[in-house]
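In the working numbering, the protein residues as written are 578 to 732. Have a look at the structure below before the remarks.
Set out below in structure tokens:
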């Protein structure tokens, strides 16, 4: 009888519902047919209480595992969303910088600065946007054209 109870406790710890059912069946089958009816009733009530506790423990463990699984799924969903947002932002910045470079090459410095400003709104520390912005301002202030070989950047 004690071995059956231990099997039931082990099944609860492992979350093994089939072993728990088997242990319960064994517990009922191992009851002796003889003995005092009152003791038998008490034993039966104790066993039912243990079974209820085992079942509650098993359900509690399953709920905890389900909650952990949901949390993992939520975390993965948030990470994927953040990755996509970063990728979209970088694509947007590259498109703006490409347009700014195009304006710069055609001598339209004001539009080039507007495009770099848009890129810097998306990422104020974007190194390529900062460098292009500085380059445009240097050329604009010096009166040079983008085709001049020796564009000096002010530091």
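All residues carry an ideal CB built from backbone N, CA and C; glycine is no exception. Being a predicted model, the structure only gives us computed values, none of them experimental.
Asked: So, do the segment 683-699 and the segment 649-660 have three or more beta carbon pairs nearer to each other than 8 Å?; Found: no
Asked: Taking the C-alpha atoms as reference points, what is the distance between residue 631 and residue 624?; Found: 10 Å
Asked: What residue from 700, 622, 642 and 645 has the CA that sits closest to residue 664's CA?; Found: 700
Asked: From which residue to which residue does the alpha helix (DSSP H) around residue 721 run?; Found: It is not in any alpha helix (DSSP H) - residue 721 carries neither H nor E in the DSSP assignment.
Asked: If the criterion is Cβ atoms closer than 8 Å, does the pair residue 674 and residue 707 meet it?; Found: no
Asked: Express the C-alpha separation of residue 640 and residue 612 in angstroms, rounding to a whole number.; Found: Because residue 612 carries a pLDDT of 49, less than 50, the predicted location of this residue cannot be relied on, and the following value inherits that uncertainty. If you take the alpha carbons of residue 612 and residue 640, they lie about 40 Å apart.
Asked: Taking residue 715 as the reference, give the member of 703, 681 and 702 with the closest Cα.; Found: 681
Asked: By Cβ distance, which residues of its chain are closer than 7 Å to residue 669, with the 5 residues on each side in sequence left out?; Found: 699
Asked: For residue 650, I'd like the list of residues in its chain whose CB is within less than 7 Å of its CB, leaving aside the five on either flank, ordered along the chain.; Found: none
Asked: Please classify residue 637 as buried or exposed, where buried requires at least 16 neighbouring CB atoms within 10 angstroms.; Found: exposed
Asked: Alpha carbon to alpha carbon, what distance is there between residue 696 and residue 633?; Found: 57 Å
Asked: Just to confirm the assignment, what range does the alpha helix (DSSP H) spanning residue 702 have?; Found: Here residue 702 belongs to no alpha helix (DSSP H), and DSSP marks it neither H nor E.
Asked: Measuring straight from C-alpha to C-alpha, what distance separates residue 703 and residue 679?; Found: 19 Å
Asked: Helix, strand or coil for residue 610? Go by DSSP, reduced to three states.; Found: Because the pLDDT of residue 610 is 48, which lies under 50, any placement of that residue in the model is unreliable, and the number read from its coordinates should be weighed accordingly. DSSP places residue 610 in coil when its eight states are reduced to three.
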